[in-house]
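These notes concern the structure reproduced below.
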Amino acid sequence: MMKKKSISASKASLIFFLCQMISALDVPLDSKLLEELSQPPTITQQSPKDYIVDPRENIVIQCEAKGKPPPSFSWTRNGTHFDIDKDAQVTMKPNSGTLVVNIMNGVKAEAYEGVYQCTARNERGAAISNNIVIRPSRSPLWTKEKLEPNHVREGDSLVLNCRPPVGLPPPIIFWMDNAFQRLPQSERVSQGLNGDLYFSNVQPEDTREDYICYARFNHTQTIQQKQPISVKVFSMDSLNDTIAANLSDTDIYGAKPVTERPPVLLTPTGSTSNKVELRGNVLLLECIAAGLPTPVIRWIKEGGELPANRTFFENFKKTLKIIDVSEADSGNYKCIARNILGSTHHVISVTVKASPYWITAPRNLVLSPGEDGTLICRANGNPKPSISWLTNGVPIAIAPEDPSRKVDGDTIIFSAVQERSSAVYQCNASNEYGYLLANAFVNVLAEPPRILTPANKLYQVIADSPALIDCAYFGSPKPEIEWFKGVKGSILRGNEYVFHDNGTLEIPVAQKDSTGTYTCVARNKLGKTQNEVQLEVKDPTMIIKQPEYKVIQRSAQASFECVIKHDPTLLPTVIWLKDNNELPDDERFLVGKDNLTIMNVTDKDDGTYTCIVNTTLDSVSASAVLTVVAAPPTPAIIYARPNPPLDLELTGQLERSIELSWVPGEENNSPITNFVIEYEDGLHEPGVWHYQTEVPGSQTTVQLKLSPYVNYSFRVIAVNEIGRSQPSEPSEQYLTKSANPDENPSNVQGIGSEPDNLVITWESLKGFQSNGPGLQYKVSWRQKDVDDEWTSVVVANVSKYIVSGTPTFVPYEIKVQALNDLGYAPEPSEVIGHSGEDLPMVAPGNVQVHVINSTLAKVHWDPVPLKSVRGHLQGYKVYYWKVQSLSRRSKRHVEKKILTFRGNKTFGMLPGLEPYSSYKLNVRVVNGKGEGPASPDKMFKTPEGVPSSPSFLKITNPTLDSLTLEWGSPTHPNGVLTSYILKFQPINNTHELGPLVEIRIPANESSLILKNLNYSTRYKFYFNAQTSVGSGSQITEEAVTIMDEGKMAMASRQVDIATQGWFIGLMCAVALLILILLIVCFIRRNKGGKYPVKEKEDAHADPEIQPMKEDDGTFGEYSDAEDHKPLKKGSRTPSDRTVKKEDSDDSLVDYGEGVNGQFNEDGSFIGQYSGKKEKEPAEGNESSEAPSPVNAMNSFV
0 MMKKKSISAS KASLIFFLCQ MISALDVPLD SKLLEELSQP PTITQQSPKD YIVDPRENIV
60 IQCEAKGKPP PSFSWTRNGT HFDIDKDAQV TMKPNSGTLV VNIMNGVKAE AYEGVYQCTA
120 RNERGAAISN NIVIRPSRSP LWTKEKLEPN HVREGDSLVL NCRPPVGLPP PIIFWMDNAF
180 QRLPQSERVS QGLNGDLYFS NVQPEDTRED YICYARFNHT QTIQQKQPIS VKVFSMDSLN
240 DTIAANLSDT DIYGAKPVTE RPPVLLTPTG STSNKVELRG NVLLLECIAA GLPTPVIRWI
300 KEGGELPANR TFFENFKKTL KIIDVSEADS GNYKCIARNI LGSTHHVISV TVKASPYWIT
360 APRNLVLSPG EDGTLICRAN GNPKPSISWL TNGVPIAIAP EDPSRKVDGD TIIFSAVQER
420 SSAVYQCNAS NEYGYLLANA FVNVLAEPPR ILTPANKLYQ VIADSPALID CAYFGSPKPE
480 IEWFKGVKGS ILRGNEYVFH DNGTLEIPVA QKDSTGTYTC VARNKLGKTQ NEVQLEVKDP
540 TMIIKQPEYK VIQRSAQASF ECVIKHDPTL LPTVIWLKDN NELPDDERFL VGKDNLTIMN
600 VTDKDDGTYT CIVNTTLDSV SASAVLTVVA APPTPAIIYA RPNPPLDLEL TGQLERSIEL
660 SWVPGEENNS PITNFVIEYE DGLHEPGVWH YQTEVPGSQT TVQLKLSPYV NYSFRVIAVN
720 EIGRSQPSEP SEQYLTKSAN PDENPSNVQG IGSEPDNLVI TWESLKGFQS NGPGLQYKVS
780 WRQKDVDDEW TSVVVANVSK YIVSGTPTFV PYEIKVQALN DLGYAPEPSE VIGHSGEDLP
840 MVAPGNVQVH VINSTLAKVH WDPVPLKSVR GHLQGYKVYY WKVQSLSRRS KRHVEKKILT
900 FRGNKTFGML PGLEPYSSYK LNVRVVNGKG EGPASPDKMF KTPEGVPSSP SFLKITNPTL
960 DSLTLEWGSP THPNGVLTSY ILKFQPINNT HELGPLVEIR IPANESSLIL KNLNYSTRYK
1020 FYFNAQTSVG SGSQITEEAV TIMDEGKMAM ASRQVDIATQ GWFIGLMCAV ALLILILLIV
1080 CFIRRNKGGK YPVKEKEDAH ADPEIQPMKE DDGTFGEYSD AEDHKPLKKG SRTPSDRTVK
1140 KEDSDDSLVD YGEGVNGQFN EDGSFIGQYS GKKEKEPAEG NESSEAPSPV NAMNSFV
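If you count the sequence shown from 1, position 299 lands on 298 in numbering that gives the first Met the number 0, and the numbers rise without skipping.
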């Protein structure tokens, strides 16, 4: 960190700028970090400076601010303190500075006119809002006046004055008749900017008695009407008839016929005038002329050009419109009115002034004690604005002194700041046209380094590509960042690394040896911290054997190979495409591991085949072309593509059609099936050939349809079964005449990109669709469901126009019409668009939570008014998070979860909650712009649930008759534990289970000594925990008691008897006798003897009859029906301790512990330790047999 003790005057500005860059800290947008750091207030939302309100609705003056601790709010009105508590009509919203003035009780809105300013204050400073000028809108009535009829001679000019009442804001003027129909306007008759109706020359058809001027006041949605004006036009023929009827035949009479007149300007008057406009506004200049014939208006800028892309002509070119004006647009603008008899002109001298605008707005400073910094406030304008500073809303000249700051014009210099230097500074830049006010705080913090990137985060990249490893950090003073590789590696330096200011380490070309652990260390004078992340560099995916070009005969087989090599830790997926689309749904296409095979190839299979290999980190592809040809009938005949056609000739030229003829080339042993005709537009797209049409191979002439304003050339391509010929030589060129456009742009849309604009887009016509030179578009729009006239502009050949200054999210009718130098296309159809969306204003209210069970809750809310959504309603988002577990009372990192409910739903389910926990939630409405404000946090609690299994069960210290059990409490108690349940039973050497014993243990115990057990016996233990809701899942374990040495000796003697010679001889004799009996039975069977099973088969046709059992001495071909019954208690399972499916069709309940059976958390069945049904002790009357010494020995082993 750089500190400056003394600075020379010549270097001051540069050093202060560097100080600001070095010392100013950015606070990351980390929610947990922001909750912990103190911060001065910041104004986040306020009403506009000039706030015109509807006098029929409550007045809402917005003032929202953030800060830590949350700020308090106060207001001034007309420069003095506004005591809200003393005005019963004024309330302030909770946790907000927004004022609501209730005028529904007969209070006049005019009583609350004035200048308001909001102050948000906490212990670190005070921020202030702009001066908000409140004025109620006004829509006064027209003053009564006596209107005389207008008698006008044909050809004379006429001005019908509107003179609307002065309203706030000014009204919108339009002229209509008694039938509420808009009066048609043209180059001859048009409305001026002041609302008057101008006639360059009147015609007899202008006679009517219902010229009515209307004034629409948008704020109050009212329309005022002027009394109708009568106009009577006298034609020369009727005037001559009147004169002739009153004079003798000898008198000379006759009024002069209508005479043509040169142009005279009706507005503005005189030869010159002046106009002042502000920078960024829309400049409107108007010239309306009288004359016969009707004059045409033209605009020029003396000594320069009209600005491109910002200049528009309206009202039949009588109005020049320049948007977003700047000082460069100052100058003399001349309008010239001309007809066949002459011209006149008027020069308007335009001066562009500027209210203040920012060059460098002051930015928030976060400094540590003892550091230096600067606040810079630079603005420009015309005239140059003056800069003044305030601190915490008080002019800095009378504010409490701070020795660490020095004001130098538009800069405040801070040196060796202390924590008491924290404050909010206001910069005011003002001139005669307006002001700018900006708040910027200086927050002095002393914070040790923190690393915000998650620990042990894994980054994966492909070799030879860049690797970016994050180390997001914060601290005050700003920490220094160092990177190390490996546990004891040295600091990383050198050109092979790039160290970014935000802490990110970049390895421009990562190699396999770049894999490893990287440590980021952040340190400042208050401390040091570090974080480790992992980088894995993978081998790139490659296609080592690519598909190759194939020429295959019909009905043959085509095969493309795509053999890949990839990193063994990445899982590749292979996709085949045909002509960049999915493969046809055809069983002839066989996709193998490394190839694609096409069986019985047809002509449709011709095309480009692409093999694409994707992994999570990279993607590669390779392509090959398949050409399908006909098999030659005999080796002697050679088939080839046809030769190109010859001698192209154009005849019968018309405006929209022409006839093309040609001579076919050689067929090359394959008949020509068709001809393809292509054209080139040498005027719009020279060198580019387009498909026109195609005709059968027997046809050599074609009548072609043409478009206007295209310079056509044609060529012909012959096609046979082998392929396409080379194109023929081009025909002669033929240029069609220009015409009006036949069609309008397609895909017209209106979508706002900002809350105050409407972006109108369309697909432009292609060159040949223009039908003539000078292609332009007439863009028209008007607000839907509002009695408003169309606003139109003519733009160049572009595809977008932006309408600024629109209300937020209102529907508009839009149409775009093509035109060229010859005229307009047909009237376009209208489409509906919307101006830009803005963030929703209101949070959902009346949020209620109904807890259904320990893991599920239902949330309800009231929908927000659609008007406050300010956009397309997309749905609602519910943010919910666990505050703490009620059983542990320990907080943990808050992980917010978000559920989105589409549409106008007013409820939703919150799944996956943790039992016996405290949660908070809020609800926000969502539109296309984003999320609205959150509802107040709602807290709810989940009830107790069953606990998880104990964390461990350990059995130690085995003796002859005792075992010691130790266990750990459940990881997730999900409530208050009431007790533990221990069940255990002995297991003999055939894995049969003995009687079950159950013991209930207090919840505060963690060990138990079981006594009075059988020696040398294996026991199985089942252990679980309980809450008031019920028992949780159990954990099982087995253990064996120690064997008695005396019994072991007896078992050894019994085993020795079995090994005596006489015992072995006896067993051999018995085995021989059994073998002889089996041989005799087999011989009898082969002689055709009928056995009892056979007799039963003959007697009964039912295949499901029970065969005889083996102990009856028969050998039935069917298994005993008992084999399909459930195993009885005491039965044996196979040696592999499994029960085959065909051996038991019982319900699993029959094998569980108790009537209902039990299942593990993953759904697996508990208790299938043996084939024997295990009963609860209360149901089991049979005792298991006592183990013999031999069995005990086998069990022990």
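Where is the CB? At the ideal position from N, CA and C, for every residue including glycine.
Note that the structure is a prediction, hence the values are computed from the model and not measured.
| query | result |
| --- | --- |
| Which of helix, strand or coil does DSSP assign to Asp84? | helix |
| Tell me Asp49's beta-bridge partners as DSSP assigns them. | Val132 |
| What are the boundary residues of the beta strand (DSSP E) that Val868 is part of? | Here Val868 belongs to no beta strand (DSSP E); instead the alpha helix (DSSP H) covers 865-868. |
| In three-state terms, what does DSSP make of Val460? | strand |
| Apart from the five residues on each side of it in sequence, which residues of its chain come closer than 8 Å, Cβ to Cβ, to Met103? | Asn57 |
| For the region 800-831, list the beta strand (DSSP E) runs that are entirely contained and at least 3 residues long, ordered along the chain. | 810-819 |
| Below 6 Å CB to CB, which residues in the same chain sit around Pro361 once its five sequence neighbours on both sides are set aside? | Leu374, Cys376, Cys426, Ala437, Ala439 |
| Can you give, in chain order, each stretch of the beta strand (DSSP E) that sits fully within the region 885-960 and has at least 3 residues? | 896-901, 906-909, 916-926, 937-940, 949-955 |
| Looking at C-alpha atoms only, which residue of Val922, Arg587, Phe559 is the closest neighbour of Asp593? | Phe559 |
| Which term fits Tyr875, buried or exposed, when burial requires 16 or more other beta carbons within 10 angstroms of its beta carbon? | buried |
| With contact counted as at least three CB pairs below 8 Å, one residue from each stretch, are the region 628-647 and the region 676-689 in contact? | no |
| Label Val393 either buried or exposed according to how many other C-beta atoms from any shown protein chain fall within 10 Å of its C-beta, with 16 as the threshold for buried. | exposed |
| Answer with buried or exposed for Ser950, where buried requires no fewer than 16 other C-beta atoms within 10 angstroms of its C-beta. | exposed |
| Alpha carbon to alpha carbon, how far is Thr390 from Asn442? | 13 Å |
| Quick check on Tyr915: buried or exposed, where buried means 16 or more other Cβ atoms within 10 Å of its Cβ? | buried |
| If we require 3 or more residues per run, which beta strand (DSSP E) segments fall completely within the region 520-575? | 526-537, 541-544, 549-552, 557-560, 562-564 |
| According to the neighbour-count rule (16 or more other Cβ atoms, all chains shown, within 10 Å of its Cβ), is Tyr608 buried or exposed? | buried |
| With DSSP as the reference, identify every bridge partner of Tyr517, one or two as the case may be. | Lys484, Val532 |
| Quick one: using the 10 Å Cβ neighbour count with 16 as the cut-off for buried, is Ile637 buried or exposed? | exposed |
| Based on Cα-Cα distance, which residue from Leu340, Glu301, Asn280, Leu366 lies nearest to Val324? | Asn280 |
| Suppose you measure from the CA of Asn101 to the CA of Asn94; what does that come to, to the nearest Å? | 19 Å |
| What beta strand (DSSP E) runs, 3 residues minimum, are completely inside the region 646-699? | 656-662, 673-680, 684-695 |
| My output table needs one value for Phe1164: the three-state DSSP class, helix, strand or coil. | Below a pLDDT of 50, predicted positions are generally treated as unreliable, and Phe1164, at 33, falls in that range; the measurement from the model is reported next regardless. Three-state DSSP puts Phe1164 in a strand. |
| Measure from the alpha carbon of Gly124 to the alpha carbon of each residue in Arg419, Val573, Pro910, then state which is nearest. | Arg419 |
| When DSSP labels each residue in this structure, what does Lys603 get in the three-state scheme? | helix |
| Select from Gln459, Phe233, Leu451, Ala87 the residue whose C-alpha is nearest the C-alpha of Pro203. | Phe233 |
| Tell me whether Val393 sits in a helix, a strand or coil according to DSSP, three-state version. | strand |
| How big is the Cα-Cα spacing for Ser697 and Pro825? | 40 Å |
| Straight-line CA distance for Asn613 to Ser622? | 15 Å |
| Work out the CA separation of Val188 and Asp82 for me, nearest whole Å. | 57 Å |
| Return the bridge partner residues of Pro969 from the DSSP annotation. | Pro949 |
| Below 8 Å on the Cβ atoms is my guess for Lys919 versus Tyr879; work out the distance and round it to an integer in Å. | 7 Å |
| Classify Trp780 as buried or exposed, calling it buried when 16 or more other Cβ atoms lie within 10 Å of its own Cβ. | buried |
| If we call anything under 7 Å between Cβ atoms a contact, is Asn1201 one with Ile611? | The requested residue 1201 does not occur in the structure, where the chain is confined to residues 0 to 1196. |
| Give the range of the beta strand (DSSP E) segment to which Gly66 is assigned. | 62-67 |
| Between the alpha carbons of His871 and Pro932, how many angstroms are there, rounded? | 16 Å |
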